[in-house]
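Peer 1: Sharing a structure, written as structure tokens. Questions coming.
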Amino acid sequence: MAERKIVDGRGSFCPGPLMELIVALKSSQIGDELEVLSTDKGSANDIPEWLNKVGHEYLSTSESEGVWHIALRKSK
Amino acid sequence: MATNKICVVVVSGTLERLQMAAMVASVAAVSGQDVMVFLSMNALSHFVKGNTVKAPHEGEMGALIASHKVPEFKTLFEQAVELGDAKIYPCSMAMDILGVEQDALEKYLEKATGLTKFLHDSSDGQIWTF
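This is the structure in structure tokens:
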């Protein structure tokens, strides 16, 4: 399996991490896994909603020391 | 029936309203919605190339936005166009009054549009006004 691509949105506020994820998705292949790092709790809630709406696969969210890790798979 | 089209009318030149309008436009555009933005009144001068005047704050949130790492509203509008295919129209009346031509505006803006055409084109969408 290919390595997860890290999208570092730490320090940025909504919708910064989402926009950084979308830029990263543009240069990714279908099936690639990505992981967004965010210190913005709103983005941690909002990104899974966005994934569900547009049809990418949401894998997981975890939080460690104030950083949320949102994992997903590009599906389209 | 729910519409998939959002029309964002921006007339204020204050930071809070420009920021919120940019957030709505960009997130809607990258979520697959058709987004049209109409820039008029005090909003338009912020989209004149080389304008370095900072948008004034209305209150506490504006000051906090300016001191936090929040994406700039102009960046978000540009991303709405580039990542989500939004269309941003400068108001032809505001351009006439400001005395600016199309070439003086940011390149990601569409051609100037009058209110009659915007109202017609937006008649089948939600309208959000800032």
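Each protein sequence line maps, in turn, to chains A and B.
Per the working numbering, the first sequence starts with residue 2, numbered consecutively.
Per the working numbering, the second sequence starts with residue 103, numbered consecutively.
Every residue gets a Cβ at the ideal spot worked out from N, C-alpha and C, and that includes glycine.
1) Here's the rule I'm using: 16 or more other beta-carbon atoms within 10 Å means buried, otherwise exposed. How should Met163 (chain B) be labelled?
2) Excluding the 5 residues preceding and the 5 following Leu19 (chain A) in the sequence, name in chain order all residues of the same chain whose CB lies nearer than 7 Å to its CB.
3) Taking 6 Å as the limit between beta carbons, can you name the residues of its chain near Leu215 (chain B), skipping five residues before and five after?
4) Can you give, in chain order, each stretch of the beta strand (DSSP E) that sits fully within the stretch 189-222 of chain B and has at least 3 residues?
5) Closer than 8 Å by beta-carbon distance: list the chain A residues that pair up with Leu185 (chain B), in chain order.
6) Measure from the C-beta of Met122 (chain B) to each C-beta in chain A and report whether the shortest distance is under 7 Å.
7) My understanding is that Ser76 (chain A) touches His57 (chain A), with C-beta atoms under 8 Å, so please give their C-beta distance in whole angstroms.
8) Return the CA-CA distance between Val112 (chain B) and Leu26 (chain A), expressed in angstroms with no decimal places.
9) Run down chain B in chain order and give the residues with a C-beta less than 8 Å from the C-beta of Pro16 (chain A).
Peer 2: This is what the structure gives:
1) Indexing the second sequence from 1 puts residue 163 (chain B) at position 61. Label assigned to Met163 (chain B): exposed.
2) Numbered from its first residue, the first sequence carries residue 19 (chain A) at position 18. Around Leu19 (chain A): Ser44, Asp47, Ile48, Trp51.
3) Along the second sequence, read from residue 1 onward, the residue named residue 215 (chain B) stands at position 113. Correcting the residue identity first, residue 215 (chain B) is Thr in this sequence and not Leu. The residues are Tyr191.
4) 189-192
5) Here residue 185 (chain B) corresponds to residue number 83 of the second sequence, with the count starting at 1. Simply Met20, Ile23, Val24, Lys27.
6) Translated into the one-based positions of the second sequence, residue 122 (chain B) becomes position 20. No, no contact with chain A.
7) Locating residue 76 (chain A) in the first sequence gives position 75, counting from the first residue. Locating residue 57 (chain A) in the first sequence gives position 56, counting from the first residue. Yes, Ser76 (chain A) and His57 (chain A) are in contact; Cβ-Cβ is about 5 Å, under 8 Å.
8) Looking up residue 112 (chain B) in the second sequence gives position 10. Looking up residue 26 (chain A) in the first sequence gives position 25. Between Val112 (chain B) and Leu26 (chain A), the C-alpha separation is close to 29 Å.
9) Residue numbering aside, residue 16 (chain A) sits at position 15 when the first sequence is read from its first letter. Residues of chain B passing the Cβ test: Met125, Ser128, Val129, Pro173, Leu178.
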